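**Student:** Just passing along the structure, written as C-alpha cells.
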Amino acid sequence: MKKIITLLLLFFLLISPVSAYAKTDVLGVHILNPSEIVQARDLFTEKSGDELQWQYLTVPLSLADLNKTEEWRQFFQQARELHFIPIVRLVTRFEDGAWQIPDRKEITSYFQFLNQFEWPTVERYIIVFNEVNHAQEWGNSLDPAGYAEILSFTTDWAHSEGKNYMVLPAAMDLAAPNGRNTMEAFNFLEQMNRANDKVLAKVDYWNSHSYPNPDFSSSPTRTAQNSIRGFEHELSFVKHKTNRDFQVFITETGWRNTRFTERWLGSYYTYALQHVWSKPEVKGVTFFILKGDPGPFAEFGFFDRDNKPTTQFFAIRQAIDSVTEKL
4 MKKIITLLLL
14 FFLLISPVSA
24 YAKTDVLGVH
34 ILNPSEIVQA
44 RDLFTEKSGD
54 ELQWQYLTVP
64 LSLADLNKTE
74 EWRQFFQQAR
84 ELHFIPIVRL
94 VTRFEDGAWQ
104 IPDRKEITSY
114 FQFLNQFEWP
124 TVERYIIVFN
134 EVNHAQEWGN
144 SLDPAGYAEI
154 LSFTTDWAHS
164 EGKNYMVLPA
174 AMDLAAPNGR
184 NTMEAFNFLE
194 QMNRANDKVL
204 AKVDYWNSHS
214 YPNPDFSSSP
224 TRTAQNSIRG
234 FEHELSFVKH
244 KTNRDFQVFI
254 TETGWRNTRF
264 TERWLGSYYT
274 YALQHVWSKP
284 EVKGVTFFIL
294 KGDPGPFAEF
304 GFFDRDNKPT
314 TQFFAIRQAI
324 DSVTEKL
C-alpha cells in the first residue's frame, strides 16, 4: 500500500500543471563563508557565457568577521559582478555551548562594518540572528521578551543609518516543540508580541525556515506548519498581530538526500517552484546549503567535500530547467 501511495504521489507531481507565475528569480542559496560566492554561481549558471540572473545569497556575518574587512570588501565586489543579492545574517560568537546574546555596542558594530562596503543593490537585507526559539541560539536561554528588545533596537538602529537597510527577524524553527531547550514557534512569537506589541510591525520583511518536516523529508504537497508552506502560517499570524501583509524570505529550506528521497528530489523541487515558491508573497528562497560536507549538513549540500556536484545539485538544476522550458 505504501508503495502504491508513493507512486501515485509521483504521478500527481509530474502531471501537475505549471503555474503561470512559476519563476526562478526568487531563488538563491545559503553559504557558510563569503569565499563560497563564486561556487554558488555554478548552481544557477549552466555554462560560461550565459546571461546572469540576479539571485539571493544568504551569508552569516559573525563578530569575528568584523576584523576581515578586505575579505568582505571582495565579497561585495564579487556579489555585484556575479549578480548576487546578499542577505546578511548577524551571528555573535559560540561560547559555553551556545551562541551568545549580543549587547547594543556589538549590534552597532555590525553596521559600522557593513557601512564601509558598496552593496550591489539599493536594499540591504539584514537578518537579526537565527532560530532564537532554540536556547542554544540565544545564550542557552529561551527569552522571547529579551529577543524582542534586541530586535526592536537593531531595527531602529538599522533604519537610523539611512542606508536603506531592510530588517528581517530571526526565523523560527517551525518544528520545535515546547521543552527545556526549545519553544514552539508561535508560542515564542506570541510572547514576543506580549512583551512589545510594536516589534513585529517594525521589521521590513518576514523571514521563514519552511522545511519539509518531519525529518526534512516530507512531500511538498503538505500544508502543515512544519511543511514547506510553514511561511503561510507565519504570515497569517503576523497579519493578525500587525494588520500588515508581509512579503517573506524563505532563507532556509530543502530536503535531505536519503535513500528514500533521492529519486523524488527533482520532482519535489519542481512542484515547490511551480506551486509554493511562486506565490506573490514570496520575495526570495535560499536553499540550505551550498556545501555541508564535511559536517552534519552533508545530506543537504549541493557540492561535496571534493567540490563535485551532488544529487541535490542535479535535482535543483532539473527543476529549474523544467520550469524554465515550460514558461
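So for the sequence shown, our numbering puts the first residue at 4; every next one is plus one.
For every residue, glycine included, the Cβ atom is placed at its ideal position computed from N, Cα and C.
Bear in mind that the values here come from a model prediction, so they are computed numbers and not experimental data.
Hey, is the stretch 249-265 in contact with the stretch 287-296, meaning 3+ C-beta pairs nearer than 8 Å?
**Tutor:** yes
**Student:** Between the Cα of Glu255 and those of Leu276, Asn143, Asn210 and Glu126, spot the shortest distance and give me the residue it belongs to.
**Tutor:** Position 252 of the sequence shown holds residue 255. Of Leu276, Asn143, Asn210 and Glu126, the residue nearest in Cα terms is Asn210.
**Student:** Specify, as a first and last residue, the run of the beta strand (DSSP E) that Trp209 falls within.
**Tutor:** By 1-based counting over the sequence shown, the position of residue 209 is 206. Per DSSP, Trp209 belongs to the beta strand (DSSP E) from Trp209 to His212.
**Student:** Specify, as a first and last residue, the run of the alpha helix (DSSP H) that Leu66 falls within.
**Tutor:** In the sequence shown, counting from the first residue as 1, residue 66 sits at position 63. No alpha helix (DSSP H) contains Leu66, which DSSP labels as neither H nor E.
**Student:** In angstroms with no decimal places, state the Cα-to-Cα distance between Tyr208 and Leu171.
**Tutor:** Locating residue 208 in the sequence shown gives position 205, counting from the first residue. Locating residue 171 in the sequence shown gives position 168, counting from the first residue. Distance between the alpha carbons of Tyr208 and Leu171 is about 5 Å.
**Student:** For Leu177, count neighbouring Cβ atoms within 10 angstroms of its own Cβ and tell me buried if that reaches 16, exposed if not.
**Tutor:** One-based indexing of the sequence shown puts residue 177 at position 174. When all chains shown are included, Leu177 counts as buried.
**Student:** Pull up the DSSP beta-bridge partners for Ile130, would you.
**Tutor:** The residue you call residue 130 lines up with position 127 of the sequence shown. Looking at the DSSP output, Ile130 bridges to Arg92 and Leu171.
**Student:** Assess, as a yes-or-no matter, whether the stretch 155-173 is touched by the stretch 123-134 under the definition of 3 or more beta carbon pairs within less than 8 Å.
**Tutor:** yes
**Student:** For Glu265 and Thr314, which I take to be in contact (beta-carbon distance under 8 Å), what is that distance rounded to the nearest angstrom?
**Tutor:** Within the sequence shown, the letter at position 262 stands for residue 265. Within the sequence shown, the letter at position 311 stands for residue 314. That pair is a contact at about 6 Å.
**Student:** With DSSP as the reference, label His86 as helix, strand or coil.
**Tutor:** Counting from one through the sequence shown, the residue named residue 86 turns up at place 83. Coil.
**Student:** Please classify Phe263: does DSSP put it in a helix, a strand, or coil?
**Tutor:** If you number the sequence shown from 1, residue 263 lands on position 260. Coil at Phe263, not helix or strand.
**Student:** Go through the stretch 221-303 residue by residue and report every complete run of the beta strand (DSSP E) that reaches 3 residues or more, in order.
**Tutor:** 251-255 and 285-291
**Student:** To the nearest angstrom, how far is the alpha carbon of Gln277 from that of Trp258?
**Tutor:** Here residue 277 is taken as the residue at index 274 of the sequence shown, counted from 1. Here residue 258 is taken as the residue at index 255 of the sequence shown, counted from 1. Spanning the two alpha carbons is a distance of roughly 17 Å.
**Student:** Looking only at C-alpha atoms, which of Met175, His212, His137 and Asp106 sits nearest to Glu152?
**Tutor:** As a first step, residue 152 is located in the sequence shown; it is residue number 149 there, counting from the start. Looking at the Cα atoms, Asp106 is the closest of the given residues.
**Student:** For Ser325, which option in His162, Lys294 and Ala275 has the closest C-alpha, if you only look at C-alpha atoms?
**Tutor:** The count along the sequence shown starts at 1 and reaches residue 325 at position 322. Considering only alpha carbons, the answer is Ala275.
**Student:** Can you grab the Cα-Cα spacing for the pair Ser22 / Asn70, in whole Å?
**Tutor:** Reading the sequence shown from its first residue, position 19 is the one you call residue 22. Reading the sequence shown from its first residue, position 67 is the one you call residue 70. Note that Ser22 has pLDDT 43, beneath the 50 cutoff, so the model's placement of it is unreliable and no number is given.
**Student:** Under a Cβ-count criterion, where at least 16 other Cβ atoms within 10 Å of its own Cβ denotes burial, should Thr261 be classed as buried or exposed?
**Tutor:** Position 258 of the sequence shown, counted from the start, is the residue given in the question as residue 261. With fewer than 16 other Cβ atoms within 10 Å, it is exposed.
**Student:** Have a look at Gly233 and His212 and give me their C-alpha separation to the nearest angstrom.
**Tutor:** Reading the sequence shown from its first residue, position 230 is the one you call residue 233. Reading the sequence shown from its first residue, position 209 is the one you call residue 212. The straight-line gap from Cα to Cα measures roughly 8 Å.
**Student:** Using 10 angstroms around the beta-carbon of Lys311, count the other beta-carbons present and answer buried if the total reaches 16, otherwise exposed.
**Tutor:** For the purposes of this step, residue 311 is taken as residue 308 along the sequence shown, with counting starting at 1. So Lys311 ends up on the exposed side.
**Student:** Using a Cβ-Cβ cutoff of less than 7 Å, which residues in the same chain neighbour Leu11 once the five nearest sequence positions on both sides are dropped?
**Tutor:** Numbered from its first residue, the sequence shown carries residue 11 at position 8. Because the pLDDT of Leu11 is 47, which lies under 50, any placement of that residue in the model is unreliable, and the question is left without a value.
**Student:** Mind reading off the beta-carbon distance from Glu39 to Lys244? Whole number of angstroms is fine, and I expect it under 8 Å.
**Tutor:** Along the sequence shown, one-based indexing puts residue 39 at 36. Along the sequence shown, one-based indexing puts residue 244 at 241. Incorrect: roughly 36 Å between the Cβ atoms, too far for contact.
**Student:** What are the start and end residues of the alpha helix (DSSP H) that includes Val41?
**Tutor:** Start at 1 with the first residue of the sequence shown, and residue 41 comes out as number 38. Val41 -> alpha helix (DSSP H) spans Ile40 to Phe47.
**Student:** Let's test the definition: count the other Cβ atoms within 10 Å of the Cβ of Pro37 and tell me whether it reaches 16, buried, or not, exposed.
**Tutor:** Translated into the one-based positions of the sequence shown, residue 37 becomes position 34. Label assigned to Pro37: buried.
**Student:** Would you grab the beta carbon distance between Ala43 and Val32 for me? Rounded to a whole angstrom, and I think it's under 8 Å.
**Tutor:** Position 40 of the sequence shown holds residue 43. Position 29 of the sequence shown holds residue 32. The Cβ separation is near 5 Å, so the contact holds.
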